[in-house]
Amino acid sequence: MAEMELVTHLMTPSAFVLALSVAFIAGVVKGMVGFAMPMILISGLSSVISPELALAGLILPTVITNGMQAMRQGPRAAWESLLKFRGYLGTLLIVLIISAQFVRTIPAELMLLIIGVPIVIFAATQLAGMPLRIASPPSRFAEIGIGAFAGFIGGLSGVWGPPTVAYLTALDTPKRDHIRVQGVIYGLGAIVLLFAHIGSGVVRAETLPFSIAIVPPAIVGMWLGLKVNDRIDQNAFRKATLFVLMIAGLNLIRRGLMG
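Each number in my numbering corresponds to the 1-based position in the sequence shown with 2 added.
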């Protein structure tokens, strides 16, 4: 009850109901395609609350659902994925920690643009049938460069999915491995992001109850999305997800330009 009272001080009841709905939808989409929870949360939540509070809110649901995703085939498979992508992940985490410390010094409009532009570029290139191609194993330059970009975006916005998905797709990573590796990378990144934003002040006593409150609908949505993933052709749902991401990204750009 005390947590709910803290949440109602941060937003209106209607905004809170919308936040719960957005968390559920984000969970469903993540369960189906393995990514997009932070993007959907930051886009949907920032329509009714401040981008900083939206960022604080998405962190715990992201940590928990990625743990579920990473461990779906067991700890050993997750560990093997971690070792295989350790260079990319290590770079991402280091840059994420550094860039997270600047989140409160950057204007909200600029942060929305930083999030929105990569989302639109990623969705547009995928929908146009122009995926990147990188030789496997990747060069050290590609691994570090893409990891640094993903970490920079992730620290500022809590969103590092598009470059990671593009990277794994460019390597022709098999579907099952693709989903698990995303969970490992996003999960560890989300844990680091949590501690980084405790340091930045984004996650604090006033904002943490909101993040806790939207965990249950995110988990329920994730469970439902995984069921759909197991039974329905994923390619069609991925295309639908990309259309949703395109709309979300364009909305973020609109808000960043118009204020």
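In this text, a Cβ means the ideal position worked out from N, Cα and C, and glycines have one as well.
With 16 or more neighbouring CB atoms inside 10 Å of its own CB, W162 falls in the buried class. Between M34 and G227, the C-beta gap is smaller than 8 Å, which places the two residues in contact. By the CB criterion at 8 Å, L12 and L43 fall outside the cutoff.
The C-beta distance from I234 to V65 rounds to 27 Å, too long to meet the 8 Å contact threshold. Pairing L115 with K229, the inter-Cα distance amounts to about 34 Å. Scanning its chain for C-beta atoms nearer than 7 Å, with the 5 sequence neighbours on each side dropped, one finds around V24 the residues I42, L43, G46 and L47, in chain order.
Annotation: A198 to A215 spans about 21 Å, alpha carbon to alpha carbon. Less than 8 Å separates the beta-carbon of I221 from that of G29. C-alpha of L112 to C-alpha of M260: approximately 11 Å in a straight line. The C-beta distance from V122 to M248 rounds to 6 Å, short enough to meet the 8 Å contact threshold. Only exposed fits E208, as fewer than 16 other CB atoms lie within 10 angstroms of its CB. Each of A152, L244 and Y169 was checked against the Cα of P140, and the nearest Cα belongs to Y169. Note on the stretch 177-249: whole alpha helix (DSSP H) runs with a minimum of 4 residues are 177-202, 210-215 and 217-233, in chain order. One Cα belongs to D179, the other to L190, and the distance between them is close to 16 Å. Taking each of F154, G76 and G251 in turn and checking the Cα distance to I99, the smallest one comes out for F154. If you draw a straight line from the Cα of K241 to the Cα of V167, it is about 14 Å long. Inter-residue distance for P211 and F26 is about 17 Å (C-alpha atoms, whole angstroms). Taking C-beta atoms as the reference points, A17 and I61 fail to come closer than 8 Å.
In the three-state reduction of the DSSP assignment, P15 falls in the helix class, which pools H, G and I. Of the candidates T243, A250, V97 and I108, the residue whose Cα lies closest to the Cα of L195 is V97. Within the stretch 116-165, there are no complete beta strand (DSSP E) runs of at least 3 residues.
Apart from the 5 residues on each side of it in sequence, A250 sits with its Cβ closer than 7 Å to the Cβ of M41, I42, S45 and I121 in its chain, given in chain order.
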